[in-house]
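J.: Numbering (the numbering used here), first residue to last: 198 to 747.
The beta-carbon is built from N, C-alpha and C at its ideal position, and this holds for glycine as well.
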Ligand SMILES: *[C@@H]1O[C@H](CO)[C@@H](O)[C@H](O)[C@H]1NC(C)=O
Ligand SMILES: *[C@@H]1O[C@H](CO)[C@@H](O)[C@H](O)[C@H]1NC(C)=O
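#1: Taking the alpha-carbon positions, what's the residue 256 to residue 301 distance?
#2: Quick check: the Cα distance between residue 360 and residue 386, rounded to an integer number of angstroms?
#3: For residue 354, which of helix, strand or coil comes out of DSSP?
#4: So what's residue 714 in DSSP terms, helix, strand or just coil?
#5: When the Cα atoms are used, what is the spatial distance from residue 355 to residue 382?
#6: In the segment 519 to 581, which residue ranges form an unbroken alpha helix (DSSP H) of at least 4 residues, counting only runs that do not cross its ends?
#7: Between the segment 311 to 325 and the segment 276 to 295, do at least 3 Cβ pairs fall closer than 8 angstroms?
#8: Between 509, 735 and 571, which has its C-alpha nearest residue 445's C-alpha?
#9: According to DSSP, is residue 426 helix, strand or coil?
#10: Determine the direct distance from the alpha carbon of residue 611 to that of residue 484, and round the result to whole angstroms.
#11: Cα-Cα, which of 262, 695 and 649 is closest to residue 674?
#12: If you draw a straight line from the C-alpha of residue 728 to the C-alpha of residue 501, how long is it?
#13: What are the boundary residues of the alpha helix (DSSP H) that residue 285 is part of?
#14: Kindly indicate the opening and closing residues of the alpha helix (DSSP H) around residue 504.
#15: Return the Cβ separation of residue 692 and residue 708 in integer angstroms, given the expectation that the two are a contact with Cβ distance under 8 angstroms.
#16: With DSSP as the reference, please indicate the residues paired to residue 761 in a beta bridge.
#17: For a test of the three-state rule: what should DSSP assign to residue 476, helix, strand or coil?
#18: Apply the 10 Å Cβ neighbour rule to residue 478 and answer buried if 16 or more other Cβ atoms are within range, or exposed otherwise.
#19: Between the segment 414 to 426 and the segment 518 to 536, are three or more C-beta pairs nearer than 8 angstroms?
#20: Cβ-heavy atom distance between residue 477 and ligand 1 below 8 angstroms?
#21: Hey, residue 656 and residue 558: beta-carbon distance below 9 angstroms or not?
#22: Classify residue 538: buried if its beta carbon has 16 or more other beta carbons within 10 angstroms, exposed otherwise.
#23: Report the CB separation of residue 670 from residue 589 in whole angstroms; it is logged as a contact under 8 angstroms.
#24: Tell me which residues share the same chain as residue 393 and place their Cβ nearer than 6 angstroms to its Cβ, disregarding the 5 neighbours each side in the sequence.
#25: Should residue 466 be counted as a contact of ligand 4 given a C-beta to heavy atom distance under 8 angstroms?
#26: Could you check where the alpha helix (DSSP H) with residue 234 kicks off and where it finishes?
#27: Thinking residue 469 and residue 267 are a contact (beta carbons under 8 angstroms), I'd like their distance in whole angstroms, please.
#28: Decide if residue 646 is buried, meaning its Cβ has at least 16 other Cβ atoms within 10 Å, or exposed.
#29: Is the closest heavy atom of ligand 2 to the C-beta of residue 459 under 8 angstroms?
#30: What would DSSP say about residue 491, mapped onto helix, strand or coil?
#31: Using only the alpha-carbon positions, how far apart do residue 681 and residue 743 sit?
#32: Mind checking whether the beta-carbon of residue 687 lies closer than 8 angstroms to any heavy atom of ligand 1?
#33: Per the contact definition of three or more C-beta pairs closer than 8 angstroms, is the segment 589 to 603 in contact with the segment 281 to 290?
#34: Can you tell me the Cα-Cα spacing of residue 396 and residue 372, whole angstroms?
#35: Please say whether residue 312 and residue 609 have beta carbons closer to each other than 9 angstroms?
Okay, structure coming up:
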């Protein structure tokens, strides 16, 4: 064979490879619903752009549109869909066909409609155009929003590395702690690393007689009089000096989609988030450390009692996690027997019961087995004198009861209609509870109570561990306290719940109020978990000021 033939053959093979990868991408996109969101977005925006710039060719239109999401994977999906269908799109856009209709015909969207009879809306390429504009906008927003909700809770697995967590970028020394807040799982999730060149320096370490700040709590140096390190004098001498660890699901990670993103001009933000976690661990009830949560998170409350705990926290929770993920999450905690003991919060408050159907809920015996395995592996890892707070599950029936009839921020649509749309699209992250079918909701609540029973049983049967004490917090008790508070303030119960997803504690209100009552319950039931006030706080303050800031 001469060189030209070899090159031709090579190009041909490359083309076959590219095409098969391309088809695989389109296939995945139609399965996980992202293709639907991207397709409806791209066509709707292309039609708008075409009106103002009719001289642009269709490939150029899509090139512009597909650059709008700030996420390479979503851009790639958009390019794949538009190049696959350039010819048809050219025609459809000029004829101004309904985007939803086109994407359904291409097999990327299911024929589901929020408010109208789907058979009628999808009966012709222009039938939907006669619907009122606010209803068409709501449908557009729902198409883009649904895959995000779904992928965060049931579909994220494909985007993870082996650890079950997105990559930590800018963690040079590989000690799991980073200097940077917002890149990957950086300092938003774990206390800031004060030396990213040494894996021996990171929050959580316990050390003696070293003048250097090895755990980044801002306390360093040797006291001249006693020749002891200040860490020894102020922290190691205080028996309740513990670091904080948070394991659990999106309610611990702080999932939230801001309402402003639902504005038509801002929908690209929703698309850009398809492949990212949408968590705000710095604002949530547990690990919240930024100023917006003031003194209302567990972290802030603990630090105000013990200044040694500054930066000593790790949040390894993950959207969609359930009891089966406990062992895996524990592997992601950076702690050994020589480190500071921990106060651990474990919250898997619903995903064991959420799912596409009642059959996929976690069975009681399996739940108990996973819980025992998880606690045993935690015992192997934690230093002596640690404490573990285990949350029960929340009864998701309250979501439908209190949200069902309210209007969703996407438009003139009730939450109950939105839930049904999600189910029809195959995108409902919790169709056992988020459904108009009251039998399903009742069966899900029954399973939730059985699983809660397992937790209560384990704690009361004195399941003893060498390295930690265990307590159980009934989530229902927290909710009752929160409802009583809302009654007092004459606020609707829906304030507890996030407006966009309709099923998480809202970051601005729900998360704070839960934190307040969790603290109250702990103070009453287990003051030993919270610990005393560190008598050295004032000395720490006067010697080390703000301890290096967050
Ligand atoms: C778009 O979102 C930004 C914040 O992310 C917000 O400030 C702005 O008001 C939003 N735009 C509209 C039109 O709501
Ligand atoms: C409601 O859910 C139950 C339990 O899954 C099921 O047996 C029943 O057929 C459902 N009812 C309707 C009207 O879909």
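T.: On the basis of the data shown:
#1: The residue labelled residue 256 in the question sits at position 59 within the chain shown. The residue labelled residue 301 in the question sits at position 104 within the chain shown. Computed Cα separation, rounded: 21 angstroms.
#2: Taking the chain shown and counting its residues from 1, one reaches residue 360 at position 163. Taking the chain shown and counting its residues from 1, one reaches residue 386 at position 189. Reliability of the predicted coordinates at residue 360 is poor, the pLDDT of 43 falling under 50, and no value is obtained from them.
#3: For the purposes of this step, residue 354 is identified with residue 157 of the chain shown, where counting begins at 1. Bear in mind that a pLDDT of 47 at residue 354, under 50, signals an unreliable position, so the model cannot answer this.
#4: Sequence index remark: in the chain shown, residue 714 carries index 517 (1-based). DSSP places residue 714 in helix when its eight states are reduced to three.
#5: Working through the chain shown from its first residue, we reach residue 355 at position 158. Working through the chain shown from its first residue, we reach residue 382 at position 185. With a pLDDT of only 38 at residue 355, under 50, the local geometry of the prediction cannot be trusted, and the value read off the model is given with reservation. Between the alpha carbons of residue 355 and residue 382 lies a distance of about 17 angstroms.
#6: Every alpha helix (DSSP H) of 4 residues or more that sits fully in the segment 519 to 581 is shown, in chain order, as 523 to 528 and 561 to 578.
#7: yes
#8: Residue mapping note: residue 445 aligns to position 248 of the chain shown, counting from 1. Closest option to residue 445, Cα to Cα, is 571.
#9: Position 229 of the chain shown, counted from the first residue, corresponds to residue 426. It is a strand residue.
#10: Numbered from its first residue, the chain shown carries residue 484 at position 287. Numbered from its first residue, the chain shown carries residue 611 at position 414. Distance between the alpha carbons of residue 484 and residue 611 is about 33 angstroms.
#11: Locating residue 674 in the chain shown gives position 477, counting from the first residue. Taking only the C-alpha atoms, the option nearest residue 674 is 649.
#12: As a first step, residue 728 is located in the chain shown; it is residue number 531 there, counting from the start. As a first step, residue 501 is located in the chain shown; it is residue number 304 there, counting from the start. If you take the alpha carbons of residue 728 and residue 501, they lie about 12 angstroms apart.
#13: Against the chain shown, residue 285 aligns to sequence position 88. For residue 285, the enclosing alpha helix (DSSP H) begins and ends at 283 to 292.
#14: Position 307 of the chain shown, counted from the start, is the residue given in the question as residue 504. Counting along the chain, residue 504 falls outside any alpha helix (DSSP H), and DSSP gives it neither H nor E.
#15: Numbered from its first residue, the chain shown carries residue 692 at position 495. Numbered from its first residue, the chain shown carries residue 708 at position 511. The Cβ separation is near 11 angstroms, so there is no contact.
#16: Missing from the structure shown is residue 761; the chain here goes from 198 to 747 and no further.
#17: Here residue 476 is taken as the residue at index 279 of the chain shown, counted from 1. It is a strand residue.
#18: Here residue 478 is taken as the residue at index 281 of the chain shown, counted from 1. Under this definition residue 478 is a buried residue.
#19: no
#20: Indexing the chain shown from 1 puts residue 477 at position 280. Answer for residue 477: no, Cβ out of range of ligand 1.
#21: Working through the chain shown from its first residue, we reach residue 656 at position 459. Working through the chain shown from its first residue, we reach residue 558 at position 361. The answer is no: Cβ separation not under 9 angstroms.
#22: For the purposes of this step, residue 538 is taken as residue 341 along the chain shown, with counting starting at 1. So residue 538 counts as buried.
#23: Position 473 of the chain shown holds residue 670. Position 392 of the chain shown holds residue 589. That pair is a contact at about 7 angstroms.
#24: Working through the chain shown from its first residue, we reach residue 393 at position 196. Answer for residue 393: 369, 370 and 376, listed in chain order.
#25: Looking at this structure, you won't find ligand 4 anywhere; what it does contain is ligand 1 and ligand 2.
#26: Along the chain shown, read from residue 1 onward, the residue named residue 234 stands at position 37. Segment 231 to 249, the alpha helix (DSSP H) holding residue 234.
#27: Stepping through the chain shown from its first residue, residue 469 is reached at position 272. Stepping through the chain shown from its first residue, residue 267 is reached at position 70. Going by Cβ atoms, the distance from residue 469 to residue 267 rounds to 4 angstroms, so yes, they are a contact pair.
#28: Taking the first residue of the chain shown as position 1, residue 646 is located at position 449. Residue 646 comes out exposed.
#29: If you number the chain shown from 1, residue 459 lands on position 262. Ligand 2 has no heavy atom closer than 8 angstroms to the beta-carbon of residue 459.
#30: What you label residue 491 is simply residue 294 of the chain shown in a count that begins at 1. In the three-state reduction of the DSSP assignment, residue 491 falls in the coil class, being assigned neither a helical nor a strand state.
#31: Locating residue 681 in the chain shown gives position 484, where the first residue counts as 1. Locating residue 743 in the chain shown gives position 546, where the first residue counts as 1. If you take the alpha carbons of residue 681 and residue 743, they lie about 37 angstroms apart.
#32: Residue mapping note: residue 687 aligns to position 490 of the chain shown, counting from 1. False, no ligand heavy atom lies under 8 angstroms from that Cβ.
#33: no
#34: The residue labelled residue 396 in the question sits at position 199 within the chain shown. The residue labelled residue 372 in the question sits at position 175 within the chain shown. So the two alpha carbons sit approximately 5 angstroms from each other.
#35: For the purposes of this step, residue 609 is identified with residue 412 of the chain shown, where counting begins at 1. For the purposes of this step, residue 312 is identified with residue 115 of the chain shown, where counting begins at 1. Their beta carbons are under 9 angstroms apart, which means residue 609 touches residue 312 by this criterion.
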